[in-house]
Amino acid sequence: MSEGLRFILNGERVAAPGAAPTTTLLDWLREARGLTGTKEGCAEGDCGACTVIVRELAPDGALRQRTANACIQLLPMLHGREVVTVEALGGAHPVQRAMAEGHGGQCGFCTPGFVMSLAHAWETGASAEPEAVVDQIAGNLCRCTGYGPILAAASAARAAPAAAPDHEAALSRLRALRRDLTLTLDHRAEGARFLAPRSAEEFAAARLAHPEATILAGATDIGLWVTKRGFRPAMFLWVGDVAEFGEIGEDEAGLRFGPAVSHERAMAALAPLAPDLGEVWRRFASPQVRGAGTLLGNIANGSPIGDAAPALIALGARLTLRRGAARREIPLETFFIEYGRQDLRPGEFVEFVDVPRPADPMDLRCYKISKRFDQDISSLLAAIHVREEAGMTTLARIAFGGMAGVPKRARAAERALLGRPLDEAAIAAAAAALDEDFTPLSDHRASAAYRMRAARNLLTKFYLERRFGDIRVAGRGRAKPLEDAGERHV
Amino acid sequence: MDGTGFEAGKTLEALPHDSAFAHVSGEARYADDMPEPPGMVHLALGLSTVARGRILSADLSAVRAAPGVLHVLTAEDVPGINDTGPVVHDEPAFALSETGESAEIMFHGQCLFAVVATSREAARLAARLARIDYEAAEPILTIDDAVAAGSFLSEPYRMARGDARAAIEAAPMRAKGRIEIGGQEHFYLEGQVAVATPEEGGALHVLSSTQHPSEVQAVIAHNLCLPSSMVTVEVRRMGGGFGGKETQGNLIALAAALAARITGKPAKLRLDRDDDMILTGKRHPFRIDYEAGFDAEGRILGVRFEQWANCGWSADLSAAIADRAMFHADNAYFYPAAEIVSHRCRTNLCSMTAFRGFGGPQGVLGAERLIAHVAAETGLDPLEVRRRNFYAPMGAMPTRSLTPYGMMVEDCVIEEIVEELAESADYAGRRMEIAAWNEASPVLKRGIALSPVKFGISFTTTHLNQAGALVLVYQDGSVLLNHGGTEMGQGLYRKVQQVAAAEFGLDPERVRISATRTDKVPNTSATAASSGSDMNGMAVKKACEEIKARIAAHLGAGFAIFDKGRIVWQGGETTWEAAVKSAYFARVSLAATGFYATPKLAWDRATVSGRPFYYFAYGAAVTEALVDSLTGEYRLLRADILHDVGRSLNPAIDLGQVEGGYIQGVGWLTTEELDWDAKGRLRTHAPSTYKIPTAGDRPERMSVRLWAKGENRELTIRRSKAVGEPPLMLGISAFLAIEEAASAAAGAWTPLDAPATPERVLMALP
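If you're matching them up, the sequences are chains B and W in order.
Each residue of the first sequence is one higher than the last, beginning at 1 in this note's numbering.
Each residue of the second sequence is one higher than the last, beginning at 1 in this note's numbering.
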């Protein structure tokens, strides 16, 4: 028997013993607590109108704070944590004043979400430069303002005299709660169960005992099954309370990520390996989704268009799969068998991914092509990892997302490059070889013809960038034909 | 005094939105935020899973047996007409009839039935359990499909002046082409929602997220066989509308009202976002075929446009929308001879509906494509071609002022605006610099474009140009304001409050704004056509004038000035409070209604003649884009905007409309792509797949200015101009800039279809 589902809401301890495991934080806030400042815009984590701040204790005892989309956070995932909603800011927070006085809202429906994203950035001392703010609010959609006044408000709030956020008080609340929660959460309500093991051993045993249970990490995908498909599983097995699962290991060879490492933390660790990794991670998910979603979750759900897999395949990442006490290690690319099917046995789970360090950070270049630059699922993603030694290509690992039913290596293209000088003829041969590697599909993101043409061109782009430096319209390495950003807003 | 309250050079204050502080604190309540009374029931809609066909059999037993389900609403539950069509009654509310004949299925996602249950979750889960067998037919989805099947809502409509064919034939140069223009999802952040509460004696109160409370009231009355006086519709605010809540809230409110009526309990229907996007209407996709004759200097001598609108399954507002596309086929250009023919295609898609610009944007884009084509043929700078074809400026000889629909453009200021903007944005210098830069940049290419907009202000359905207001002054001098306009974020309430405060000479905070309700002001028009502040501001002003006249008469003043809380007249002075108090004791009425009907309008659709618009709003934008010729990706580098709002009622709010409108227009023409598959299923039915602009899509450098010389020549409220829709078309400059950059990459003019997604850009290159 556990102490029951407990967390802190706007500074007060709360319990939710009767909440079904699929109850979303958003519904609970609005319906059980009457906190209607947090809005539902999409119920799938894409618009940010439901943004709240979540605080938790890191294993080292420090305060870890992030934003989250309340619409796809399942309530038991907040166990032992603290949730801050717009109501707690009191109305006179520097961000609120700047947004109101600076015309940062029109219809106002997205506004509380923006306020929370900006308040989080303000509290954590993040940059208020427009470029940084654009990323801080990449997960918040506004249909009215055109964003200019919001960027200006972020900057104005930073200039305003600041009262320090009360993080010490939050820490002591969280520590006190943690002291009182000594047992594994085994939340049962409305015929369903949410089990949150506290150790890897406990998790592995539970997985073996409940192979039918749905493994849950950040709920940035499964949350949508709940809100959009009526998914109501009998049992969730949650990775989020297993302390070891949140660890990032690092040595000479590379990095190791456990199942509870969020994209946000993975991004910080991956960016030094290769700048394009940081860029891919920044673009493929908003801060809210990066804070909740996990690197291993993105791999384990087997999406053909997940951006993590091709990038890591190009680096030669390996997965460790665990079943009870038994472990096996496989190359990441072999995990994806075909669309919707992964190399995962009953009772098994993905325990680690090991990501080798490239010899040179610039040996890896990634190109994410999507309709919208930020926060969009890729039409295709190319990750090209090439090593030249003594005028010859000695390593070529090229992986694509969006070009097949699974993230997949372009082995024919790799062969075309290997063992010869990297020149235009080699690139042309590799581009032609893509026909052997892929038969892409047409869907609402892109046509097959575009995917293939862009994929070929990306090999050319890779070559040109390697010779002449970045050639990009946006994001990392973007061309800056204009001198200066000039006036941001009238 | 000119009767408008306008004093030379005086705009009203740039106050924040009336609810700005309530927005940021989360206290501003939207319909779904109202505390739910005990016993409230919730609805979910059951939607068709085929695009065209008929229902062979329906088994709702599993729906009824699901936990929490109280009732399932089908056609037989509707006592009245079972129809939500705003103009034509061709929109069955519930297509499914269990005892009689079901309506024909007209699109994928059409409403078949509604589940009423004890919770929203119970209703939604139950709605999935229906077992329905269809006899599916091949759907008509595209304009080509409709043409092949002869599927149209009405006969083609034609506007013409002169002999366009002959003029084109005789011209030294000719161009002919086609542009395909995609639709657009509104993506208001607050989805469709309504809450209906039964009241005494069978009356109903309905909170609805609607731009048109009077129509929601009428739809509920007709369907429930109630007099309109028994139905009160209220809306304090919407979380965005953009036209998507002009008619599309009808069904939502009706379903809630019907559930409240049948269960006797308060009933709420809030659509899930995906259902909202699948079910509700969007901006019309268009195809525009054009041909033009012109001379080597780029002067247009004759044009023909054939506009094809994909209207979806029902008439909705398509006739007026397609008309407005025709009214804007000239944009800011004088055509000596013109013929514009419009075809309204009926297809098995959701019903295309009002969306900011209301057909105008498609018409304007057609005109701008034509200009770009003329520039390409003549080798001239497109801006030069634009200049040579502008309507004659206000005050000049009106030899180049007549529109294809027979109205004179008397207030044209586009030339002045364009010259001022071209200068401040250094269009000419940058165009040269960009050409040089492109020479040295083989992969990345830049492009720059300036596009103007001229937009006709008034409902072209003339009788809609009316508005009412109710102004109440209490004994303590505080003022309560009500009018027929709705607040969807555009700042209407604040503007009208400022108008009333200026009339009474009071601080705006002394004037309280209250929710729009059909029991306060009846028979209102939709808050649409950019007309909200023009019409409701004027109606409020008239009510204020009435009260002021009574107070002045009571004070024995022939003429009194109300300013800064005081009333001054020849021979006396008093405070507002004292005057109000003494008027009360003298038994003077301190409440008044105001009514306004826009003057000068006389449009006769049958004879294609008269004056559809009171005036025109103008603006222009210069956008610069950077395109990657290897991937088709692009970024907007810089935008400079100069827009005419007349004398602003609130410069901060107007700037917000201009800037937001521009970005929304950019979204329409770049990343916002609606994709229906071959079975008529919308594949882009969520923000994960339908991409509106994020903060990162905003041009890196942006300058937005209101035109300092702006002043409406017509007697509008304080000489302001409407601002809601016109700036959306400024986004066309971004589309043209991308096209310019793509053309630089291709080495030849490379016209694009819209939206210009990275794919369309790349695939247009050789």
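By construction, the Cβ of each residue, glycine as well, lies at the ideal position given by its N, Cα and C atoms.
Rounded to whole angstroms, W/Ala-367 and W/Asp-295 show a C-alpha spacing of 17 Å. For W/Met-488, a Cβ of chain B is located within less than 8 Å of the residue's own Cβ.
A straight-line Cα-Cα distance of about 39 Å links W/Ala-259 and B/Asp-443. Under the three-state reduction of DSSP output, B/Arg-420 falls in the coil class, being neither helix nor strand.
The beta carbon of W/Leu-630 lies closer than 7 Å to those of Val-443 in the same chain, with the five residues before and after it left out.
For a Cβ distance threshold of 8 Å, nothing in chain W lies close to B/Ser-2: the least Cβ distance comes to about 25 Å. Sequence-distant partners of B/Ala-404 (beyond 5 residues in either direction) whose C-beta falls short of 6 Å from its own C-beta, in its chain, are Phe-438.
Considering only beta carbons, the part of the region 10-26 of chain W lying closer than 9 Å to chain B consists of Ala-14, Pro-16, His-17, Ser-19, Ala-20, Phe-21, Ala-22, His-23, Val-24, Ser-25 and Gly-26, in chain order. The C-alpha of W/Thr-684 is placed about 18 Å away from the C-alpha of W/Phe-286. For W/Met-173, the enclosing beta strand (DSSP E) starts and ends at 173-181.
Across the set W/Asp-272, W/Gly-239, W/His-212 and W/Leu-141, the C-alpha of W/Asp-272 shows the shortest separation from the C-alpha of B/Val-226. Beta-bridge partners of B/Asn-69 (DSSP): B/Thr-51. Identification of chain B residues near W/Tyr-634 by a Cβ-Cβ cut-off of 7 Å yields Val-473, ordered along the chain.
Taking 8 Å as the threshold, the shortest C-beta distance from W/Lys-691 to chain B falls below it. DSSP links W/Asn-482 through a beta bridge to W/Leu-470.
A check of alpha carbon separations from W/Trp-668 across W/Asp-753, W/Asp-77 and W/Ala-58 identifies W/Asp-753 as the nearest. Annotated three-state conformation of W/Gly-610 is strand, per DSSP. Counting of Cβ neighbours within 10 angstroms places W/Asp-32 among the buried residues, the total reaching 16 or more. B/Arg-283 is the residue among B/Pro-440, B/Leu-417 and B/Arg-283 whose C-alpha sits nearest the C-alpha of B/Gln-136. Going by DSSP, B/Trp-28 is part of no alpha helix (DSSP H) at all; its letter is neither H nor E. According to DSSP, residue pairing for W/Glu-135 in a beta bridge involves W/Arg-54. Rounded to the nearest whole angstrom, the CA to CA distance from W/Ser-48 to W/Ala-93 is 13 Å.
None of the residues of the region 403-424 of chain W has a beta carbon lying less than 9 Å from any beta carbon of chain B. Below the 7 Å Cβ cutoff, chain W contributes no neighbours of B/Val-226, its closest Cβ being approximately 10 Å away.
Contact with chain W is absent for B/Val-54, since none of that chain's Cβ atoms lies less than 8 Å from the residue's Cβ.
Under the three-state reduction of DSSP output, W/Val-723 falls in the coil class, being neither helix nor strand. What B/Met-99 touches in chain W, judged by beta-carbon distance under 9 Å, is Ala-20, His-23 and Val-24, going in chain order.
Against W/Thr-684, the close residues of chain B are His-444, in the order they occur along the chain (beta-carbon pairs closer than 8 Å). Considering only beta carbons, the part of the region 177-193 of chain W lying closer than 9 Å to chain B consists of His-186, Phe-187, Tyr-188, Leu-189, Glu-190 and Gly-191, in chain order.
Contact check for B/Arg-409 and B/Ile-398: beta-carbon distance about 7 Å, within the 8 Å limit, so the pair qualifies. Under the 8 Å criterion on CB atoms, W/Leu-630 is classed as interfacial with respect to chain B. Those residues of the region 370-383 of chain B placed with their C-beta closer than 9 Å to a C-beta in chain W are Ser-370, Lys-371, Arg-372, Phe-373, Asp-374, Gln-375, Asp-376, Ile-377 and Ser-379, ordered along the chain.
Neighbours of B/Gln-96 in chain W, taken as residues whose beta carbon is under 7 Å from its own, are Val-24 and Ser-25 in chain order.
DSSP assignment within the region 494-568 of chain W yields the following whole alpha helix (DSSP H) runs of 4 residues or more, N-terminal first: 532-555.
Only exposed fits W/Ala-597, as fewer than 16 other CB atoms lie within 10 angstroms of its CB. Using a 10 angstroms sphere on the CB of B/Ile-330, the tally of other CB atoms stays under 16, which defines it as exposed.
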